[in-house]
Amino acid sequence: MGHYLQAFICTKTDSENFAKSFKNAISISLGQGIALIPMTEELFDEINNSQTSCFIKNFKFINENIEEIILKIIENKKLAYVESEYFGSTGSQKAIIWNQKNREQVLVLGKDNINNVLKYFGVIADEGIDEFQTLGFHNNRSTQKWIENTLKQNPTGF
39 MGHYLQAFIC TKTDSENFAK SFKNAISISL GQGIALIPMT EELFDEINNS QTSCFIKNFK
99 FINENIEEII LKIIENKKLA YVESEYFGST GSQKAIIWNQ KNREQVLVLG KDNINNVLKY
159 FGVIADEGID EFQTLGFHNN RSTQKWIENT LKQNPTGF
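What follows is the structure, given as structure tokens:
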């Protein structure tokens, strides 16, 4: 079974402000004051606005143009972007963390990068499981599943 995710992670409050900036941004509350914003093709196209730009360090959906635009929007807040690509037990997670309008960390090709991002935002793991499972990342195995399952729980919107 695979796990394919491309999404921004930030505080719930900051995600609501981010979502106001883009009509294709969807804020999904994860708990512990954290939210996820799935990076759909529509959101990518909206932010990127058909600009040609170099992709950042092996990432598939974050380029320098998108980074420049989101840094203007988030101001001095913290924001992370994660990509996960697994099939069975083979694969990796990548992450970028921005803070104070700067790229603070780039975590490439690791197994615990999403957990590291969640810890950075103060997520506390439940006993016996990690941060990834605590916030339900194992329940939605793709970017699209996050959206579909959120719509099932709240059919009138996010």
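Letter by letter, the sequence shown follows residues 39 to 196 of our numbering. We put the CB at the ideal spot given by N, CA and C, even for glycine.
Sequence-distant partners of residue 96 (beyond 5 residues in either direction) whose C-beta falls short of 8 Å from its own C-beta, in its chain, are 132, 146 and 147. Judged by beta-carbon spacing, residue 60 lies within the 8 Å limit of residue 81, meaning their Cβ atoms are closer than that value. Comparing alpha carbon positions, the residue from 74, 63 and 64 closest to residue 49 is 74.
Residue 141 is positioned such that its CB atom lies closer than 8 Å to that of residue 134. Residue 78 is classed as buried because its beta carbon has at least 16 other beta carbons within 10 Å across all chains shown.
Going by beta carbons, residue 101 and residue 91 fall inside the 8 Å limit. For residue 57, the secondary structure class from DSSP, reduced to helix, strand or coil, is helix.
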